[in-house]
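In this text, residue positions in the sequence shown follow the numbering used here: the first is 701, and each later residue adds one.
From the three backbone atoms N, C-alpha and C, an ideal C-beta is built for every residue, glycine too.
Since we're looking at a predicted model, the values are computed, not measured.
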Amino acid sequence: MNNAEIETQVQTAARLFQAGDIARADSLLSTVTQQADNHSGAWLLLARVKQKAGQRQAAVDAFQQLLRLNPGMEEAVLALVQHHGEKQEFDQCEQLLRDAIDARPDIARYPYMLGNLYLQQGYHANGIEQMKKAMSIAPDNLQIQVALAEMH
701 MNNAEIETQV QTAARLFQAG DIARADSLLS TVTQQADNHS GAWLLLARVK
751 QKAGQRQAAV DAFQQLLRLN PGMEEAVLAL VQHHGEKQEF DQCEQLLRDA
801 IDARPDIARY PYMLGNLYLQ QGYHANGIEQ MKKAMSIAPD NLQIQVALAE
851 MH
């Protein structure tokens with residue numbers, strides 16, 4: 701399958717997904733991702749399709765592949781942190797956020813989330829450190845300002 705064919709297949713799958721034909725979108729995207737395993741758009745759409753279909757682990761797998769292709773991609777990071785957080789796998793959350801911070805040091809949300817994670821676990825000093833890092837990235841962010849003020 702060449703690039704143009706892949707793009708056509710992904711666009712077709714997106715239309716099927718938008719039309720509510722989850723099964724056909726899933727089938728088409730599964731084929732595309734097997735033949736073009738480095739196509740970020742196909743993996744993102746497949747993750748969303750799997751979520752919509754209630755196939756939670758398959759969605760997680762797709763988001764993990766997407767993160768391998770695009771380290772620090774917000775949608776993948778947030779989905780995986782939420783997944784591991786719900787399972788109280790806080791070490792996994794921490795590692796995901798640390799990797800995201802390394803990959804995308806320009807995104808204040810990551811140190812903010814890591815700071816909150818530390819605070820929830822009782823690591824006050826680490827939480828403040830991460831909140832300060834978030835503040836240095838986004839000094840005008842009211843949410844971060846409030847969080848830091850509440851810590852003192």
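**Report entry** Length of the line joining the Cα atoms of GLU707 and GLY741
**Finding:** 9 Å
Requested in this report: Measure the CB-CB distance between ALA759 and ALA747 and report whether it falls below 8 Å.
Outcome: Contact flag set, yes.
Query - Nearest to PRO805 (by Cα), restricted to the options GLU789, MET773 and HIS824 - result: MET773
Query - Per-residue DSSP class, three states only, for GLN862 - result: The displayed coordinates of the chain run from 701 to 852. Any statement about residue 862 would go beyond what the structure contains.
Query raised in the report: When you compare each of VAL732, ARG768 and ILE722 to GLN751 by their alpha carbons, which one comes out closest?
Result: ILE722
Query raised in the report: Taking Cβ to Cβ, would you say ARG780 is nearer than 8 Å to GLN764?
Result: Checking the sequence, you will find Leu at residue 780 rather than Arg. For the pair LEU780 and GLN764, the CB atoms are nearer than the 8 Å cut-off.
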